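Read the structure below first, then the notes.
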């Protein structure tokens with residue numbers, strides 16, 4: 007089990023034996039949840055660090071009409087809710103729900119502070135996690151500011167191109183259903199936008215492989231958002 011825990015970003019650079027020793031110094035819990043279990047509700051005070059040992063969870067928000075909006079999926083061995091832990095307003099903004107059977111390591115705030123004092127590497131890792139989370143949220147806000155499906159699609163394709171170091175042909179990391187959910191649109195609307203881009207000579211798609219044919223026009227779409 008400690009081998010799995012040592013794979014978490016919070017323990018990066020620390021071997022399983024040392025992780026076992028570290029955790030024995032502080033109070034912690036390991037809990038197992040069945041699929042589709044609400045671990046925490048929006049508005050709950052966040053007083054613990056949660057580390058996924060096994061499984062997957064998601065953050066869900068509910069809009070004014072009662073529609074459930076999935077914010078993101080988080081998979082083992084990542085942490086979650088870490089950004090709320092030391093905030094002045096440390097109440098969760100989303101419901102935390104399990105996607106699969108999930109095992110979670112829970113470390114209480116005061117015990118985590120003790121770990122920070124005793125192990126500089128854990129503190130560095132925690133700050134790294136917080137920084138990466140901030141960057142992710144910033145990108146998400148930028149993405150949400152895009153008004154059209156084509157704009158979101160162009161942004162997504164160009165971000166994949168950067169991720170693939172400028173290659174014009176690469177694999178898509180999501181299905182159309184997942185993309186539609188990510189964009190907050192219906193699958194038919196997304197399929198129509200993809201079809202228009204293909205017909206317009208901007209991209210080619212075969213199964214999960216995409217090829218950029220006109221990068222300049224994709225950039226132009228973003229410029230007009």
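Residue numbers (the working numbering): 7 to 231. Yeah, the Cβ is synthetic: ideal placement off N, Cα and C, and Gly gets one too. Please read all numbers here as calculations on a predicted model, not as lab measurements.
Determine the DSSP secondary structure at residue 23, reduced to helix, strand or coil.
helix
Residue 173 versus 164, 123, 180, 179, residue with shortest Cα-Cα distance:
164
Taking residue 198 as part of the alpha helix (DSSP H), name the residues at either end of that continuous run.
193-205
Collapsed DSSP secondary structure at residue 35 in the structure displayed:
Here DSSP, grouped into helix, strand and coil, assigns residue 35 to strand.
Can you grab the Cα-Cα spacing for the pair residue 212 / residue 205, in whole Å?
The C-alpha of residue 205 is placed about 14 Å away from the C-alpha of residue 212.
Candidates 24, 11, 79, 56: which alpha carbon is nearest residue 42's?
79
State the start and end residues of the unbroken beta strand (DSSP E) segment that holds residue 68.
62-68
CB-CB length for residue 121 against residue 28, believed under 8 Å
6 Å
Report the CB separation of residue 136 from residue 187 in whole angstroms; it is logged as a contact under 8 Å.
About 26 Å separates the two Cβ atoms, so there is no contact after all.
Should residue 158 be flagged as near chain C, meaning a C-beta pair shorter than 8 Å?
No chain C is part of this structure, which consists of one protein chain only.
Helix, strand or coil, according to DSSP, for residue 174 in the structure here?
coil
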